[in-house]
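Undergrad: Residue numbers (my numbering): 198 to 464. Where a beta carbon is used, it is the ideal one built from N, C-alpha and C, also for glycine.
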């Protein structure tokens, strides 16, 4: 059983919701990331979503786009991110780590080399924002060879046909984008999300996580009532915009504790 499947099974048996937390690798400096990941796990994160810095992050709002710029300016490359996961695994062999990013860096490195290196580093799955199921025929068999999950996005605008296609090809969990827009948007519609999640769940036994627009205990708790996982990114990345790294880490970890406490109220 994969780390992701094992983690979701554990949480289900405990009737708890997963907290999936996004971190931009290398923001603001490469040495910050691994210690931050360990602190976030201690604070209650169940699954780590680690961002691959990219110069044209089309699905991301300004907060995460600027985080990518800072990481790139600090010298963080795609292969550096895999080294960070490898270092993280020296102390933590249990917490699932999913990489989220865009296709171009993988094409530059080559699918086979990237996936093999990612597997050896301890990566459990990939979310490639600009790689839909119809175009994943070259990457999918390589991921399957290394037993790495391929996680796809669904949106409020996804048709029934699209939902069915994604649920047939996805593994790990389904990532439902709760609103129309980029990461960090504020137009969260809980009722619409609940209806869409119900539709998705009728077609798959995979866990469904909800992301985009979740920023505090209230929104996390609302989404936790209808989803298996709550995915938070912008609210955890934003402290690094204005604060010194040490202060930003402290604020981010405190936010994780706030989110964890809110989700645990649902038990």
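Run the CB neighbour count on residue 223, radius 10 Å, all protein chains shown included, and call it buried at 16 or more, exposed below.
TA: Counting Cβ neighbours within 10 Å, residue 223 comes out buried, since at least 16 surround it.
Undergrad: If you count every other CB in all the chains shown that lies within 10 Å of the CB of residue 194, and 16 or more means buried, which is it?
TA: Because the chain spans 198 through 464 in this model, residue 194 falls outside it and cannot be assessed.
Undergrad: What separation, rounded to the nearest whole angstrom, lies between the Cα atoms of residue 319 and residue 212?
TA: Taking the straight line joining both Cα atoms gives about 27 Å.
Undergrad: Could you work out which residue in 455, 291 and 268 is closest to residue 199 when comparing CA atoms only?
TA: Ranking 455, 291 and 268 by Cα distance to residue 199 puts 291 first.
Undergrad: Should residue 463 be labelled buried (16 or more other beta-carbon atoms within 10 Å of its own) or exposed?
TA: Looking at its Cβ environment, which holds fewer than 16 other Cβ atoms inside 10 Å, residue 463 is exposed.
Undergrad: What do you get for residue 335, buried or exposed, if any count of 16 or more other CB atoms within 10 angstroms of its CB means buried?
TA: Classification for residue 335: exposed.
Undergrad: With DSSP as the reference, identify every bridge partner of residue 246, one or two as the case may be.
TA: Note: residue 246 sits in a beta bridge opposite 219 and 295.
Undergrad: Buried or exposed for residue 453, please, with buried defined as at least 16 other CB atoms from any protein chain shown within 10 angstroms of its CB.
TA: The residue is buried, with at least 16 neighbouring Cβ atoms inside 10 Å.
Undergrad: Measure the CB-CB distance between residue 296 and residue 350 and report whether it falls below 9 Å.
TA: Contact: no.
Undergrad: Please classify residue 288: is it buried, with 16 or more other beta-carbons within 10 angstroms of its beta-carbon, or exposed?
TA: When all chains shown are included, residue 288 counts as exposed.
Undergrad: Given a cut-off of 9 Å on the beta-carbon distance, is the pair residue 254 and residue 270 in contact?
TA: Taking 9 Å as the Cβ cut-off, residue 254 and residue 270 do not qualify as a contacting pair.
Undergrad: Under the three-state reduction of DSSP, which class applies to residue 371: helix, strand or coil?
TA: DSSP places residue 371 in strand when its eight states are reduced to three.
Undergrad: Pick from 368, 362 and 327: whose alpha carbon is nearest that of residue 344?
TA: Comparing Cα positions, the closest option is 368.
Undergrad: Compute the beta-carbon to beta-carbon distance between residue 412 and residue 216, rounded to the nearest angstrom, for a pair I have assumed lies under 8 Å.
TA: About 13 Å separates the two Cβ atoms, so there is no contact after all.
Undergrad: In angstroms with no decimal places, state the Cα-to-Cα distance between residue 394 and residue 348.
TA: When rounded, the distance between both Cα atoms is 16 Å.
Undergrad: Could you check how far apart the C-beta atoms of residue 261 and residue 410 are, in whole angstroms? I think they sit under 8 Å.
TA: So it is not a contact: roughly 13 Å between Cβ atoms.
Undergrad: Mind listing, in chain order, the continuous beta strand (DSSP E) runs of no fewer than 3 residues lying wholly within the stretch 422-446?
TA: The stretch 422-446 contains these whole beta strand (DSSP E) runs: 426-429.
Undergrad: Do you know offhand how far residue 421's Cα is from residue 460's?
TA: Those two C-alpha atoms are separated by around 6 Å.
Undergrad: Provide the residue span of the beta strand (DSSP E) that contains residue 360, from first to last.
TA: Segment 357-366 is the alpha helix (DSSP H) holding residue 360; no beta strand (DSSP E) there.
Undergrad: I need the straight-line Cα distance from residue 283 to residue 354, nearest angstrom please.
TA: Computed Cα separation, rounded: 37 Å.
Undergrad: Quick one: give me the first and last residue of the beta strand (DSSP E) that residue 238 is part of.
TA: No beta strand (DSSP E) contains residue 238, which is instead part of the alpha helix (DSSP H) from 227-240.
Undergrad: Since residue 230 contacts residue 281 with CB under 8 Å, what's their CB separation in whole angstroms?
TA: Residue 230 to residue 281, Cβ: 5 Å. Contact.
Undergrad: With 16 other CB atoms within 10 Å as the buried threshold, where does residue 214 fall?
TA: Residue 214 should be labelled buried.
Undergrad: So, helix, strand or coil for residue 320, using DSSP?
TA: Here residue 320 sits in coil by DSSP.
Undergrad: Grouping DSSP H, G and I as helix and E and B as strand, with all else coil, what is residue 339?
TA: DSSP places residue 339 in helix when its eight states are reduced to three.
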